[in-house]
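K.L.:
In this note's numbering, the protein residues as written are 11 to 260.
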Amino acid sequence: RKLTRMDSQGNIEVLGFRPEDLTLWGRVFGGSLYDEANQRVTAADPAIVRALEWMASYNEFLDPLKVDTFNSGLGNYWSPNNPFFAGKKAIDVYGEWIVWFGEKYNPDLRYSLFGFPSPEGQVYTVFGGSMFAIPRNAKHPKEAWTFLEWLSRPEVMKQVTMAFTNMPPRMSVAKDPEVLKRIHVLNVTIPLMEGPNAITALSMPVFEQYMQELAKAEQLVRNGRMGARQALEEVSARVQQELDRFMRRR
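1) Report the partner residues of P127 according to the DSSP bridge assignment.
2) When DSSP labels each residue in this structure, what does V103 get in the three-state scheme?
3) Can you give me the Cβ contacts of K99 inside the same chain, cut-off strictly under 6 Å, excluding the 5 residues immediately before and after it?
4) Quick one: using the 10 Å Cβ neighbour count with 16 as the cut-off for buried, is E218 buried or exposed?
5) Please report how far the alpha carbon of T210 lies from the alpha carbon of N69, in whole angstroms.
6) I think A54 touches G36, with their Cβ atoms under 8 Å apart; what is that distance to the nearest whole Å?
7) What does a CB cutoff of less than 7 Å around K76 pick up in its chain, not counting 5 residues either side in sequence?
8) Compute the Euclidean distance between the alpha carbons of T175 and K185, then round it to the nearest angstrom.
9) If we count the other Cβ atoms within 10 Å of its Cβ and call it buried at 16 or more, is R259 buried or exposed?
10) Do three or more CB pairs link the region 137 to 157 to the region 214 to 228 at distances below 8 Å?
11) Which value, in whole angstroms, describes the spacing of the CA atoms of W110 and D254?
12) Given that a residue counts as buried once 16 or more other Cβ atoms are within 10 Å of its Cβ, and exposed if not, what is R28?
13) Identify, in the order they occur along the chain, each residue of the same chain with its Cβ nearer than 7 Å to the Cβ of Y115, setting aside the five sequence neighbours on each side.
14) Assuming E228 and L62 are in contact, meaning their beta carbons sit under 8 Å apart, how far apart are those beta carbons, in whole angstroms?
15) Spatial neighbours of G125 within its chain, please: CB distance less than 6 Å, with the 5 preceding and 5 following residues excluded, ordered by chain position.
16) Can you tell me where the beta strand (DSSP E) with I144 in it begins and where it stops?
17) Going by alpha carbons, who is nearest to A241 out of V103, P164, L13 and L32?
18) Just confirm the distance between the C-beta atoms of F39 and R60, as a whole number of angstroms; I'd bet it's less than 8 Å.
19) Assign G205 to one of two classes, buried (16 or more other C-beta atoms within 10 Å of its C-beta) or exposed (fewer than that).
Quick look at the structure:
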């Protein structure tokens with residue numbers, strides 16, 4: 011609230027922070043989106059409901075329409091007009107690529123980093139990744155595999171890591187003193203990744219539909235068109251129906 015700046019008409023000039031992505035914050039609040047053992051969708055978990063209510067509480071001082079107008083005028087994420095580096099957002103969600111962004115888009119900007127805080131005072135992080143793949147019909151699969159073997163060598167991986175300022179797959183490379191100096195973010199994120207509060211992507215059937223339904227519910231609640239519990243109960247019902255249909259087909 012203190013970091014948000016508005017003009018005389020109440021239009022947002024700088025956005026302090028507005029939480030997005032219920033799949034993240036719901037779990038930071040201690041909720042569970044899916045009971046894998048019983049194959050049950052649990053979008054209406056009380057902790058998930060609390061998280062969505064908290065996200066909607068930002069409407070007390072941020073008019074959703076004003077936020078939408080503000081967001082529509084923001085610059086491209088992959089450009090010098092990136093909202094954080096252009097000074098349009100005071101707090102934003104980033105990964106280790108923030109180092110590369112800073113060097114490229116605004117070398118003079120000073121910033122600090124912290125994990126996602128939970129209501130209980132714990133700190134969370136999120137991790138994911140990308141994968142190299144050899145297509146089934148590749149003309150030279152052996153040569154492709156030779157290349158991937160080379161790329162996976164610690165000394166080569168270190169060069170790639172330093173160039174792209176990304177978290178490497180090998181923890182030994184991530185903890186290399188040169189890497190930690192180059193990508194200072196890792197000094198914050200590695201301890202969090204090795205702790206109990208590291209969140210990764212949900213793994214389940216009908217995942218894409220579930221994410222779409224949660225995003226719709228988040229939008230409805232933040233726009234004041236539906237209560238959090240009702241929206242999430244409806245998500246659970248719709249996605250559970252699709253999940254049951256998938257399991258029957260399998």
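Idealized CB from N, CA, C, for every residue including glycine.
P.N.:
According to the structure shown:
1) For the purposes of this step, residue 127 is taken as residue 117 along the sequence shown, with counting starting at 1. According to DSSP, which records beta bridges pairwise, P127 is partnered with V133.
2) Translated into the one-based positions of the sequence shown, residue 103 becomes position 93. In the structure shown, V103 sits in coil (DSSP, three-state: anything other than H, G, I, E or B).
3) Along the sequence shown, read from residue 1 onward, the residue named residue 99 stands at position 89. So the list reads L25 and P93, once near-sequence residues are dropped.
4) For the purposes of this step, residue 218 is taken as the residue at position 208 of the sequence shown. Looking at its Cβ environment, which holds fewer than 16 other Cβ atoms inside 10 Å, E218 is exposed.
5) Reading the sequence shown from its first residue, position 200 is the one you call residue 210. Reading the sequence shown from its first residue, position 59 is the one you call residue 69. Each residue's alpha carbon lies about 28 Å from the other.
6) Stepping through the sequence shown from its first residue, residue 54 is reached at position 44. Stepping through the sequence shown from its first residue, residue 36 is reached at position 26. Rounded, the Cβ-Cβ distance is 11 Å, inconsistent with contact.
7) To locate residue 76, count along the sequence shown from 1; it is residue 66. Closer than 7 Å at Cβ, skipping near neighbours: G20, N21 and I22.
8) Taking the first residue of the sequence shown as 1, we reach residue 175 at position 165. Taking the first residue of the sequence shown as 1, we reach residue 185 at position 175. Their backbone Cα atoms lie some 13 Å apart in a straight line.
9) One-based indexing of the sequence shown puts residue 259 at position 249. Answer is exposed; the Cβ neighbour count stays below 16.
10) No, they do not touch.
11) By one-based count along the sequence shown, residue 110 stands at place 100. By one-based count along the sequence shown, residue 254 stands at place 244. Approximately 44 Å between the Cα atoms of the pair.
12) Mapped onto the sequence shown, residue 28 falls at position 18. The residue in question, R28, is buried, as its Cβ has 16 or more Cβ neighbours within 10 Å.
13) One-based indexing of the sequence shown puts residue 115 at position 105. Excluding residues within five positions, the ones whose Cβ falls inside 7 Å are P90, N92 and F95.
14) Counted from its first residue, the sequence shown places residue 228 at position 218. Counted from its first residue, the sequence shown places residue 62 at position 52. Contact holds; Cβ gap of about 7 Å.
15) For the purposes of this step, residue 125 is taken as the residue at position 115 of the sequence shown. V133, Y134, T135 and L202, listed in sequence order.
16) Within the sequence shown, numbered from 1, the residue matching residue 144 stands at position 134. No beta strand (DSSP E) holds I144; DSSP gives it neither H nor E.
17) Within the sequence shown, numbered from 1, the residue matching residue 241 stands at position 231. Answer by Cα proximity: L32.
18) On the sequence shown, residue 39 is found 29 positions in, with the first residue counted as 1. On the sequence shown, residue 60 is found 50 positions in, with the first residue counted as 1. With a Cβ gap of about 6 Å, F39 and R60 count as contacting.
19) Here the question's residue 205 lines up with position 195 in the sequence shown. Exposed: under 16 other Cβ atoms inside 10 Å.
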